[in-house]
Amino acid sequence: MLILGIESSCDETAAAVAEDGRCVLSSVVASQVDAHRVYGGVVPEIASRMHVEAVSGVVREALRQAGTDLERVGAIAVTHAPGLVGALLVGISFAKGLAFALGKPLVPVHHLRAHVAANYLSHADLEPPFLCLIVSGGHTQLVDVTSYTSFRVVGRTRDDAAGECLDKTARALGLPYPGGVHLDKTGQGGDSGAFAFPRPKLTGQGEDCYDFSFSGLKTAALLQIKKQPLNTQVNTQAAGQAGWIPDFAASFQYAVADYLCGNAIKAARALGRDKLALAGGVCANSVLRGELRSRCRAAGLALYSPELAYCGDNAAMVAAQGYYEYRAGHAAGLDLNAAPSLSME
Ligand code: KG4
Ligand code: ZN
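Taking our numbering, the leading residue of the sequence shown gets 26, the next gets one more, and so forth.
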């Protein structure tokens with residue numbers, strides 16, 4: 026069954042066609058990064074307007090690249106939660122219009138469920154149950170995926186998301202938006218042992234608690250940056266050239282990766298899962314991928330991660346999860362609304 030997926034929850038307008046939740050026929054992403062860079066973050070009003078301008082062309086291009094047309098599509102899947110409400114509503118309204126005009130099912134997809142499903146596109150053998158570490162700009166969660174459509178959040182961040190922590194540290198180093206990507210590039214070849222960072226310890230965190238906290242790590246990074254030489258150049262492009270910055274970037278990413286890996290592996294063991302999957306924009310991070318690869322090998326866990334094209338926001342993952350939601354009977358009516366902060370459970 027062919028599913029047309031549509032994604033507009035943040036700053037990417039995306040459409041894709043995928044077959045049976047596993048095979049991508051096309052995936053088109055129109056990024057708004059250039060428009061938001063000057064503000065150092067996503068401006069919701071600009072995001073909505075740009076989605077309106079892009080959505081119809083992006084959908085048309087996805088159908089063209091897939092060599093198909095709307096008649097042959099079995100259902101329209103759209104991200105309805107969570108995200109920026111005005112941005113979500115653009116994709117939802119467009120999907121409703123198509124579903125109504127074509128008389129096809131409209132399938133609502135949770136953005137984080139879609140990030141998990143990105144793994145199905147790259148690993149034909151991956152089936153639930155497995156544990157998934159979701160690390161994106163706005164979310165950090167450990168999720169027990171018990172079936173394609175049932176999820177139990179076993180750990181979550183109590184403050185900042187991992188992506189937010191990386192982005193803000195990168196910004197303080199004077200690196201361009203979006204920071205995580207540039208921190209990754211800057212740290213290549215840096216010494217990950219050059220700077221020491223504390224590992225967060227949550228109050229009352231017993232062995233069976235898999236929650237995270239990133240605000241302390243972020244503050245520790247900002248304090249250390251202030252102490253470095255050339256701190257007058259911090260927040261300028263020139264700081265990117267300073268000798269200590271690659272070492273700092275490598276050390277900080279290692280601290281974040283080590284913390285994420287430790288909790289994820291502890292949870293997988295305790296829950297008796299032998300498969301660990303990665304999902305979300307931050308799973309493109311080379312330090313996290315490398316660290317998790319070696320730690321999972323040592324722990325006897327099979328590691329799955331999406332290919333780079335499906336780590337960040339895209340609609341192929343929406344079409345993949347849409348297939349499983351449709352099979353589970355989760356179609357929506359034309360009264361479908363955006364749910365900016367809905368849990369994935
Ligand atoms: O999943 P995503 O595209 O959007 C959300 O749903 O939030 O994730 C975006 C996040 C941003 O924080 C971005 O800096 C981060 O993913 N990111 C990275 C890398 N690529 C994207 N962080 C670290 N290393 C990367 N290579
Ligand atoms: Zn995302």
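C-beta: ideal position from N, C-alpha, C; glycine also. In this text the structure is predicted, and so the values were computed from the model without any measurement.
Quiz item: Taking the continuous alpha helix (DSSP H) assigned at ALA40, which residues delimit it?
Solution: As a position in the sequence shown, residue 40 is number 15, starting the count at 1. That residue, ALA40, is in no alpha helix (DSSP H); its beta strand (DSSP E) goes 37-44.
Quiz item: Under the criterion of a Cβ to heavy atom distance below 7 Å, does GLY65 qualify as lining ligand 3?
Solution: This structure lacks ligand 3; the ligands present are ligand 1 and ligand 2.
Practice problem: Tell me the start and end of each unbroken beta strand (DSSP E) in the stretch 36-117 that is at least 3 residues and wholly inside, in chain order. | Solution: 37-44, 48-56 and 100-106
Quiz prompt | Top-ranked residue by Cα proximity to HIS140, from GLN278, HIS76 and GLN346 | solution = Position 115 of the sequence shown, counted from the start, is the residue given in the question as residue 140. Nearest of GLN278, HIS76 and GLN346 to HIS140, Cα basis: GLN346.
Quiz prompt | VAL160 beta carbon less than 8 Å from that of VAL307 | solution = Within the sequence shown, numbered from 1, the residue matching residue 307 stands at position 282. Within the sequence shown, numbered from 1, the residue matching residue 160 stands at position 135. The answer is yes: Cβ separation under 8 Å.
Quiz item: With a Cβ-Cβ cutoff of 8 Å, do LEU14 and LEU146 count as a contact?
Solution: Within the shown structure, residues of the chain are numbered from 26 to 370, placing residue 14 beyond reach of any answer.
Quiz prompt | ligand 2 heavy atom lying under 7 Å from the CB of GLY116 | solution = Sequence index remark: in the sequence shown, residue 116 carries index 91 (1-based). For ligand 2, not one heavy atom lies less than 7 Å from the Cβ of GLY116.
Quiz item: Cβ of ALA309 within 7 Å of any heavy atom in ligand 1?
Solution: Residue mapping note: residue 309 aligns to position 284 of the sequence shown, counting from 1. Yes, the Cβ of ALA309 comes within 7 Å of a heavy atom of ligand 1.
Quiz item: The alpha helix (DSSP H) with PRO271 in it runs from where to where?
Solution: Reading the sequence shown from its first residue, position 246 is the one you call residue 271. Counting along the chain, the alpha helix (DSSP H) containing PRO271 begins and ends at 269-296.
Quiz item: What's the call for LEU191, buried or exposed, on a 16-neighbour Cβ count within 10 Å?
Solution: Counted from its first residue, the sequence shown places residue 191 at position 166. Buried is the call here.
Practice problem: With DSSP collapsed to three states, give me the class of ASP209. | Solution: Looking up residue 209 in the sequence shown gives position 184. Of the three classes helix, strand and coil, the one that applies to ASP209 here is helix, per DSSP.
Quiz prompt | GLY315, enclosing alpha helix (DSSP H) - first and last residue | solution = Indexing the sequence shown from 1 puts residue 315 at position 290. First-last of the alpha helix (DSSP H) with GLY315: 311-324.
Self-check item: Reduced DSSP category for ARG352 - H, G, I as helix; E, B as strand; rest coil
Solution: As a working mapping, residue 352 is identified with position 327 in the sequence shown. In the structure shown, ARG352 sits in a helix (DSSP, three-state: H, G or I).
Self-check item: Cβ-Cβ distance between PHE277 and PHE220 below 8 Å
Solution: The residue labelled residue 277 in the question sits at position 252 within the sequence shown. The residue labelled residue 220 in the question sits at position 195 within the sequence shown. In this structure, PHE220 lies closer than 8 Å to PHE277 by Cβ.
Self-check item: For VAL141, the first and last residue of its enclosing alpha helix (DSSP H)
Solution: Taking the sequence shown and counting its residues from 1, the one referred to as residue 141 is at position 116. Element bounds for VAL141: 136-147.
Exercise. Take GLU372 and list the residues in its own chain whose beta-carbon comes closer than 7 Å to its own, dropping the five residues that flank it on each side.
Key: Examination of residue 372 is not possible in this model, given that the chain is present from 26 through 370 alone.
Quiz item: Leaving out the 5 sequence neighbours to the left and right, which residues in its chain are closer than 8 Å to ALA327 when beta-carbon positions are compared?
Solution: As a first step, residue 327 is located in the sequence shown; it is residue number 302 there, counting from the start. Excluding five sequence positions before and after ALA327, the CB atoms of its chain that fall closer than 8 Å to its own CB belong to ASP299, LYS300, LEU301 and CYS321, given in chain order.
Quiz item: Hey, would you say ALA106 sits closer than 8 Å to HIS135, going by beta carbons?
Solution: Numbered from 1 along the sequence shown, position 81 holds the residue referred to as residue 106. Numbered from 1 along the sequence shown, position 110 holds the residue referred to as residue 135. In contact: ALA106 and HIS135 (Cβ atoms closer than 8 Å).
Exercise. Name all residues in chain order for which at least one heavy atom of ligand 2 lies closer than 5 Å to the residue's CB.
Key: SER161 and ASP338
Quiz item: Terminal residues of the continuous alpha helix (DSSP H) containing ASP192?
Solution: For the purposes of this step, residue 192 is taken as the residue at position 167 of the sequence shown. Taken as a continuous stretch (DSSP letters only), the alpha helix (DSSP H) holding ASP192 covers 187-197.
Quiz item: How close, in whole Å, do the beta carbons of ALA271 and GLY214 come, if the pair is a contact with beta carbons under 8 Å?
Solution: By 1-based counting over the sequence shown, the position of residue 271 is 246. By 1-based counting over the sequence shown, the position of residue 214 is 189. According to the sequence as given, residue 271 is Pro; it is not Ala. Indeed they touch by this definition, with Cβ atoms about 6 Å apart.
Exercise. Confirm, please, whether the CB-CB distance from LEU127 to LEU151 is below 8 Å.
Key: The sequence position of residue 151 within the sequence shown is 126, counting from 1. The sequence position of residue 127 within the sequence shown is 102, counting from 1. At the C-beta level, LEU151 and LEU127 stay beyond 8 Å of one another.
Quiz item: Does the distance from the CB of LEU131 to the CB of LEU367 come in under 8 Å?
Solution: Working through the sequence shown from its first residue, we reach residue 131 at position 106. Working through the sequence shown from its first residue, we reach residue 367 at position 342. Not in contact: LEU131 and LEU367 (Cβ atoms no closer than 8 Å).
Practice problem: Name the one or two DSSP bridge partners that VAL170 has. | Solution: By 1-based counting over the sequence shown, the position of residue 170 is 145. Per DSSP, PHE155 and PHE176.
Practice problem: Go ahead and label PRO203 buried or exposed: buried means 16 or more other beta carbons lie within 10 angstroms of its beta carbon, across all protein chains shown. | Solution: What you label residue 203 is simply residue 178 of the sequence shown in a count that begins at 1. The residue is buried, with at least 16 neighbouring Cβ atoms inside 10 Å.
Quiz item: How about ALA292 and GLY212: are their beta carbons less than 8 Å apart?
Solution: Counting from 1 along the sequence shown, the entry for residue 292 is found at position 267. Counting from 1 along the sequence shown, the entry for residue 212 is found at position 187. Taking a C-beta distance under 8 Å as the contact criterion, ALA292 and GLY212 do not qualify as a contact pair.
Quiz item: Count the other CB atoms within 10 Å of the CB of GLY92; is the residue buried (16 or more) or exposed (fewer)?
Solution: By one-based count along the sequence shown, residue 92 stands at place 67. So GLY92 counts as exposed.
Quiz item: At what residues does the alpha helix (DSSP H) containing LYS300 begin and finish?
Solution: On the sequence shown, residue 300 is found 275 positions in, with the first residue counted as 1. Unbroken run through LYS300 is the beta strand (DSSP E), 300-304; no alpha helix (DSSP H).
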